[in-house]
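Below is one structure, written out as structure tokens, with a few remarks after it.
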């Protein structure tokens, strides 16, 4: 109950504070609240969280150090590593609707079990990406803009498209 109250305070006061480009202090306030009160973010003064970051359930979210989460990001639940960059309008799911029964409306079939996506360290998730439940995105991967990630992504790989497909392997040089 206390966690829900803290989440309600987040949505009432913190969620809609203006973008940090207008008042840089507001992202620091969001980071402090998410790390010290909701305890979903590991505190790091380099972290940035912009306005409109929707957290469906603070119980199923863990975010590492030095992460940047841009505006209008929807996080249903996830484990997010360190040094992760999440662009605007990203959706990270940890469940979906059941749809197997043809004689029952999808709305009445309930949801799949919650399985958090795992986003490892040094990942860049570009604008308008959708990450489905249970997906693992390996260390150093890059997800191209507009991709829908339905399968695991290998470390240091660039993927893109709908559904996301291998584009290339990252390398030094």
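Numbering (the working numbering), first residue to last: 471 to 643. For every residue, glycine included, the Cβ atom is placed at its ideal position computed from N, Cα and C.
Would you tell me roughly how many angstroms separate the C-alpha atoms of residue i and residue j, rounded to the nearest one?
i           : j           : result
residue 562 : residue 640 : 23 angstroms
residue 580 : residue 642 : 46 angstroms
residue 657 : residue 573 : The structure shown has nothing for residue 657, since the chain only spans 471 to 643.
residue 539 : residue 475 : 23 angstroms
residue 489 : residue 587 : 27 angstroms
residue 486 : residue 503 : 13 angstroms
residue 515 : residue 570 : 46 angstroms
residue 557 : residue 547 : 17 angstroms
residue 520 : residue 603 : 23 angstroms
residue 491 : residue 541 : 12 angstroms
residue 495 : residue 543 : 20 angstroms
residue 507 : residue 564 : 23 angstroms
residue 568 : residue 605 : 17 angstroms
List the endpoints of the continuous alpha helix (DSSP H) containing residue i.
i           : result
residue 475 : 472-479
What are the boundary residues of the beta strand (DSSP E) that includes residue i?
i           : result
residue 649 : Residue coverage of the chain in this structure runs from 471 to 643, which leaves residue 649 outside it and unanswerable.
residue 501 : Counting along the chain, residue 501 falls outside any beta strand (DSSP E), though it belongs to the alpha helix (DSSP H) covering 495-502.
Report the CB separation of residue i from residue j in whole angstroms; it is logged as a contact under 8 angstroms.
i           : j           : result
residue 549 : residue 518 : Their Cβ separation, rounded to whole angstroms, is 19 angstroms, which puts residue 549 and residue 518 out of contact at 8 angstroms.
residue 610 : residue 593 : 7 angstroms
residue 638 : residue 623 : Their Cβ separation, rounded to whole angstroms, is 12 angstroms, which puts residue 638 and residue 623 out of contact at 8 angstroms.
residue 634 : residue 612 : Contact doesn't hold; Cβ gap of about 11 angstroms is too wide.
residue 512 : residue 533 : 7 angstroms
residue 484 : residue 499 : 7 angstroms
Identify every residue that forms a DSSP beta bridge with residue i.
i           : result
residue 547 : DSSP, once it has assigned bridges, lists no residue as partnering residue 547.
residue 636 : 629
residue 581 : 567
residue 607 : 589, 623
residue 618 : 600
Got a sec: is the Cβ-Cβ distance from residue i to anything in chain D below 8 angstroms?
i           : result
residue 541 : No chain D appears in the structure shown, which is made up of a single protein chain.
Does the beta-carbon of residue i, which I'm using as the reference point, lie nearer than 7 angstroms to any heavy atom of the ligand PLP?
i           : result
residue 534 : Because no ligand of any kind appears in the structure shown, any question about the ligand PLP cannot be addressed here.
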